[in-house]
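Student: Per this note's numbering, the sequence shown starts with residue 4, numbered consecutively.
All C-beta atoms, glycine included, are put in the ideal place defined by N, C-alpha and C.
Everything numeric in this text was worked out from a predicted model, so none of it was measured.
Questions regarding the structure given below will be posed in turn.
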Amino acid sequence: MYADAYKYYDSEPENLVREKNMIEYGVPGPSPQLLKGMMVADCDGEARVGRWYWVGIQNFIKLCEKHGYEVLEEDLNIDKTNPLTLFRKRP
Numbered sequence: 004m005y006a007d008a009y010k011y012y013d014s015e016p017e018n019l020v021r022e023k024n025m026i027e028y029g030v031p032g033p034s035p036q037l038l039k040g041m042m043v044a045d046c047d048g049e050a051r052v053g054r055w056y057w058v059g060i061q062n063f064i065k066l067c068e069k070h071g072y073e074v075l076e077e078d079l080n081i082d083k084t085n086p087l088t089l090f091r092k093r094p
């Protein structure tokens, strides 16, 4: 299981609105779609302590394949907000 911004915000759009409102307290906030795009773009951002990573399904699949695994099912749809991917070591 890992974080995917698209699945998270598609399943709980109210969280996108809440986060947009939090940003607007001090800075003019972007639209919900722009905020979602900014968060997805941050997937490959600079590492730092306490940082949250939106790994994303496609990034996770690339990591699996790069390290010798094959993806059997991209998302088992067991969790409504996070993907669970079924993979195994290539024979």
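Could you compute how far the alpha carbon of Glu76 sits from the alpha carbon of Arg54?
Tutor: For Glu76 and Arg54, the distance between alpha carbons rounds to 28 angstroms.
Student: Run through DSSP, which three-state label would Tyr72 get?
Tutor: Residue state, collapsed to three classes: strand.
Student: Helix, strand or coil, according to DSSP, for Leu37 in the structure here?
Tutor: In the structure shown, Leu37 sits in a helix (DSSP, three-state: H, G or I).
Student: Give the straight-line distance between the Cα atoms of Asp13 and Arg93, rounded to the nearest whole angstrom.
Tutor: Approximately 32 angstroms between the Cα atoms of the pair.
Student: Taking all protein chains shown into account, do 16 or more other C-beta atoms lie within 10 angstroms of the C-beta of Gly59, making it buried, or fewer, making it exposed?
Tutor: The residue is buried, with at least 16 neighbouring Cβ atoms inside 10 Å.
Student: Given this structure, state the Cα-to-Cα distance separating Arg91 from Met4, to the nearest angstrom.
Tutor: In a straight line, the C-alpha of Arg91 is about 14 angstroms away from that of Met4.
Student: Give every residue of the same chain whose Cβ lies closer than 7 angstroms to the Cβ of Lys83, excluding the five residues on either side of it in the sequence, and list them in chain order.
Tutor: Only Ser14 meet the Cβ criterion.
Student: Would you kindly work out how many angstroms separate the C-alpha atoms of Asp7 and Pro86, rounded to a whole number?
Tutor: If I take the Cα positions, the gap works out to 7 angstroms.
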